[in-house]
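What follows is one structure encoded as structure tokens, with my remarks underneath.
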């Protein structure tokens, strides 16, 4: 019954373009996979297991954390670490033309050692390009950068941004305001290489009250981070400064957007003199 209903619904759909999975969370089998792509002193931290990875600030209640239990390979490695299983569950099961790799490893949320974060992001990009992309031309990928050092992030985009399977730059949504001109070198580099800026929430995303005590709070308030980030981009003139740059907000819902558009436009009409860098209604920028 479910299959029939889905098929009938698809027949009545007006959309006839390709189906794209925009958020495939692939990963490595272990941190040791990054060792060949790191130089000292960072390489030694992984080899000696002096650094064990990025830890979420809150525990997850599901039996396998945020991962699907049926996506765990028989080898015992993490969900998303086995291409063959991913192929079976994504490309073989559904009529998906492309899948965009967004990763699970996010050095961009590290609170310190920004040089290490930059090196890890670069190593992960190299790992994905060697171990994932050659296996399937339907796989497209995101460049991971450490926004803590925007100049280094821009250099990473310049280094790999022209790869034919690279389509976007991945930034974590957390407690950072990307509208701040401090981060604009990232946007300039992405625009030069015709890459989308993709933003995905992470454990550091906060509500208006801060981090919250419970995972329940965090999960309910994920859209607040997306709303605040979009407001930051608009009010700091990012869409005017980089007119050809596109943004994607991933896995944060979208039902909040009409409400936010109304508030942005309403406040722009009465307060636009405070932000002369914004040349038109915020809703116009977002629709474009």
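Numbering (our numbering), first residue to last: 98 to 385.
Ideal placement from N, C-alpha and C gives every residue a C-beta, glycine not left out.
If you're wondering where the values come from, they're calculated on a predicted model, not measured in any experiment.
Determine the DSSP secondary structure at residue i, reduced to helix, strand or coil.
| i | result |
| --- | --- |
| residue 116 | coil |
| residue 122 | coil |
| residue 177 | coil |
| residue 375 | coil |
Whole angstroms are fine: how far does the CA of residue j sit from the CA of residue i?
| i | j | result |
| --- | --- | --- |
| residue 365 | residue 321 | 20 Å |
| residue 167 | residue 201 | 17 Å |
| residue 165 | residue 186 | 11 Å |
| residue 133 | residue 357 | 45 Å |
| residue 256 | residue 147 | 29 Å |
| residue 152 | residue 175 | 15 Å |
| residue 324 | residue 369 | 19 Å |
| residue 361 | residue 184 | 42 Å |
| residue 194 | residue 371 | 45 Å |
With distances taken between CB atoms, is the gap from residue i to residue j smaller than 8 Å?
| i | j | result |
| --- | --- | --- |
| residue 177 | residue 235 | no |
| residue 271 | residue 206 | yes |
| residue 292 | residue 220 | no |
| residue 342 | residue 287 | yes |
| residue 347 | residue 382 | no |
| residue 199 | residue 283 | no |
Kindly indicate which residue of the options has the alpha-carbon position closest to the one of residue i.
| i | options | result |
| --- | --- | --- |
| residue 179 | 116, 255, 230 and 242 | 230 |
| residue 374 | 303, 212, 333 and 123 | 333 |
| residue 138 | 151, 199 and 215 | 215 |
| residue 245 | 292, 269 and 286 | 269 |
| residue 262 | 289, 243 and 232 | 232 |
| residue 363 | 295, 379 and 371 | 379 |
| residue 118 | 227, 129, 239 and 209 | 239 |
| residue 191 | 242, 310 and 116 | 116 |
Near residue i, which residues of its chain fall below 7 Å by C-beta distance, leaving aside the five closest residues on each side in sequence?
| i | result |
| --- | --- |
| residue 329 | 274, 275 and 276 |
Please go through the same chain and pick out, in chain order, the residues whose beta-carbon is closer than 6 Å to the beta-carbon of residue i, but skip the five residues on each side of it.
| i | result |
| --- | --- |
| residue 376 | 337 |
| residue 203 | 269 and 299 |
Identify, in the order they occur along the chain, each residue of the same chain with its Cβ nearer than 8 Å to the Cβ of residue i, setting aside the five sequence neighbours on each side.
| i | result |
| --- | --- |
| residue 131 | 125, 143, 217, 220, 221 and 224 |
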